[in-house]
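See structure below.
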Amino acid sequence: MDGKPNRRHALIPVLVWAMAGPCLGTVSVNVPLSHWAYQHIDRLVDYGLIDSAMLATRPISRMEMARLIQQALENPDSSKADKSISASLKRLEEEFRCELMAISSQRVPGLIDHIKPIEDPYIEIVEASRDLDLENRSGDSYQEGTNIRMGFASRATLFERFGFYVHPEYRSPWRTDVHTEVVEGYAKSQIGPVEIEVGKDSIWWGPGYHGSMIIGNNAQNLGMLKVSTPQPIELPWFLQALGPFKAVYFLARLESDRDRPHARLTGLRMSIKPRPWLELGGSRTIMFGGEGVPDVGLEDYLAIFWPKNIQGFEDQRASLDATVWLSMPRQIPARSVKAYIEWAGEDAAGFSLYVPLVGLKVNDILRMGNTDLRIEYATTHIDGFPNVFYNHGFYYSGYTYHGRVLGHHMGTDSKDTFLRLDHCITDQISLGLWYDLQESNLSGLPRPRLEQYGIDLLWFAPKRWQVQVGYRWQDLASAGPTQREHVLDMALIYNF
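If you read the sequence shown in our numbering, its first letter stands for residue 1, the second for the next number, and so on.
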């Protein structure tokens with residue numbers, strides 16, 4: 001594109017961020033994206049016990065999780081909540097009791113500073129009928145036969161300003177080589193409302209459940225520098241009308257085994273909550289640099305966050321998203337509805353051509369406190385621009401990391417329809433039934449069609465044990481015969 005944007009414009013988000021009001025300045029490590037607490041917090045939000053959550057930017061810190069739990073505990077309706085909701089709240093209260101004590105006691109010294117060398121040790125066994133790359137598992141791949149995963153986490157918080165987290169995992173494909181992978185590992189520090197993190201961590205931007213259009217955990221976790229506001233903050237002056245504000249910035253270096261080795265990926269997300277029932281956000285990522293590519297100076301680096309190509313070959317994408325919560329009148333056999341949408345665009349097709357992710361979650365069907373239904377649809381197909389999304393004319397490896405798409409797992413020129421029904425059988429046992437239909441190569445032939453059916457069960461067993469069991473079968477139809485595949489996933493976790 002011709003011309004360069006005004007560099008002064010690039011400083012506007014930085015100035016707004018710097019002038020934001022104060023917030024709790026105690027650092028804490030993040031809650032991993034796979035943690036059960038997200039599902040429980042989502043239920044408390046959807047059932048009306050929390051109205052300040054901003055969950056379209058994940059992961060969130062343990063202190064922020066505790067703040068949300070505290071709001072639910074102080075909500076008068078919590079004493080009248082259904083049995084399964086009360087059980088979720090009690091379980092969250094137990095998990096984050098140290099952080100809740102720190103909030104309630106105005107950070108008495110010693111409540112936050114601690115070292116936990118072993119947390120949530122687990123063993124997982126995945127039995128697959130062939131080699132598979134399952135979606136949204138931080139890039140993990142499974143070989144035909146028995147796959148074993150064993151791991152734990154370690155975390156520490158020192159002087160209320162420094163946090164450390166590491167999650168090593170032993171991986172055995174059974175018949176071939178074994179190795180240990182650091183799934184997540186980082187150090188962080190917080191000064192006032194701003195947190196700085198360095199290391200390998202997960203990231204998920206957008207309201208989607210089954211996928212994120214811009215960046216999620218489909219690929220391996222990135223090693224990055226991240227600057228964020230871990231708790232929502234109050235903007236200055238007239239901007240207070242926008243409500244609570246969150247921002248995240250990151251800069252990462254991609255792998256060497258790609259067409260432009262060690263290309264850089266950077267991103268910025270900002271979100272606001274102008275009303276308790278409305279959350280709005282915007283995300284932007286840019287791939288630039290790499291071996292053999294001219295360096296980008298600081299001035300141009302700031303400018304590429306605006307929709308212009310400075311050097312002419314950056315790979316850029318952006319999205320806007322909105323989430324709305326609506327309580328239903330008593331005549332409707334559901335407690336509430338959550339509707340969300342994400343519009344995503346990228347530079348090769350022009351940012352005026354967007355592709356959507358839309359979702360609807362119906363909470364507490366029949367008002368018995370135990371059943372929720374979600375429907376989600378997404379597409380990366382753009383008429384007249386075949387195979388554009390997540391691909392690029394200069395960065396031939398595309399919008400990938402170690403061969404996996406950084407955004408929605410369906411990839412380019414595809415559409416995906418997802419349905420999930422969650423039901424709490426008892427206070428300790430929840431059951432999920434889901435269906436997914438993915439169609440690819442929509443601009444040509446053949447059009448592969450992947451149809452999946454799944455069931456999963458989560459049991460909070462006595463004596464702090466947690467049992468997870470999942471089974472899926474899928475049919476892949478393309479030009480040849482239909483392939484049927486099966487995956488059995490079993491995990492045992494000890495919570496302490």
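Don't be surprised by glycine CBs; every beta carbon is placed ideally from N, CA and C.
Asked: First and last residue of the uninterrupted alpha helix (DSSP H) at E95; Found: 83-95
Asked: Limits of the alpha helix (DSSP H) - the one that Q71 falls within; Found: 62-74
Asked: Local Cβ density within 10 Å of L357, reported as buried at 16 or more and exposed below that; Found: buried
Asked: Entirely enclosed alpha helix (DSSP H) segments - the stretch 296-357, minimum 4 residues; Found: 298-303
Asked: Stretch-stretch touch, CB-based, cutoff 8 Å, three pairs: the stretch 269-284 with the stretch 193-209; Found: yes
Asked: CA-to-CA distance, D321 to L419, given in whole angstroms; Found: 20 Å
Asked: CA nearest to the CA of G223, picked from H40, G454, A252; Found: A252
Asked: Beta strand (DSSP E) runs wholly inside the stretch 464-493, at least 3 long, in chain order; Found: 465-477
Asked: Buried or exposed (CB count within 10 angstroms, at least 16 for buried), I118; Found: exposed
Asked: Assumed close pair G48, S430 - CB separation to whole angstroms, cut-off 8 Å; Found: 20 Å between Cβ atoms; not a contact.
Asked: Buried versus exposed, by CB contacts within 10 Å (16 or more), F496; Found: exposed
Asked: Residue-level contact to chain C via CB, L268, 8 Å cutoff; Found: Although the question refers to chain C, the structure presented lacks it and comprises just one protein chain.
Asked: Per-residue burial, I115 [other beta carbons within 10 Å of its own, 16 or more giving buried]; Found: exposed
Asked: Buried or exposed (CB count within 10 angstroms, at least 16 for buried), R97; Found: exposed
Asked: Beta strand (DSSP E) segments (min. 3 residues) lying fully within the stretch 113-166; Found: 114-128, 145-158
Asked: At least three beta-carbon pairs within less than 8 Å, the stretch 63-78 to the stretch 402-417; Found: no
Asked: Segment contact, 8 Å Cβ cut-off, at least three pairs: the stretch 87-105 with the stretch 377-388; Found: no
Asked: Separation of V178 from D475, as counted between CA atoms; Found: 30 Å
Asked: Terminal residues of the beta strand (DSSP E) in which H409 lies; Found: From DSSP, H409 is part of no beta strand (DSSP E); its letter is neither H nor E.
Asked: Cutoff 8 Å; reference V461; Cβ partners in own chain excluding five residues on either side; Found: Reading off the sequence shown, one finds Ala at residue 461, where the question assumed Val. Correct list, in chain order: Q428, V467.
Asked: Runs of beta strand (DSSP E) lying entirely within the stretch 367-433, each at least 3 residues, in chain order; Found: 371-379, 415-424
Asked: Pick from R130, I375, S256 that is closest to T400, judged by C-alpha positions; Found: S256
Asked: Contained beta strand (DSSP E) runs [length at least 3] in the stretch 156-237, N- to C-terminal order; Found: 162-172, 179-191, 194-201, 222-228
Asked: DSSP state of V362 mapped onto helix, strand, coil; Found: strand
Asked: Bridge partners - S271, DSSP secondary structure assignment; Found: K246, G281
Asked: Buried versus exposed call for I455 [16 or more other C-beta atoms within 10 Å across all chains shown]; Found: exposed
Asked: For Y453, the first and last residue of its enclosing alpha helix (DSSP H); Found: Per DSSP, Y453 belongs to no alpha helix (DSSP H); it is in the beta strand (DSSP E), 449-460.
Asked: Residue environment, Y453, which counts as buried when at least 16 other CB atoms sit within 10 Å; Found: exposed
Asked: I286, DSSP secondary structure in three states; Found: strand
Asked: DSSP-derived helix/strand/coil call for R58; Found: strand
Asked: Own chain, CB closer than 7 Å to R155, minus 5 neighbours either side, in chain order; Found: V29, K116, E119, F164, Y165
Asked: Beta carbon of V198 nearer than 8 Å to that of L225; Found: yes
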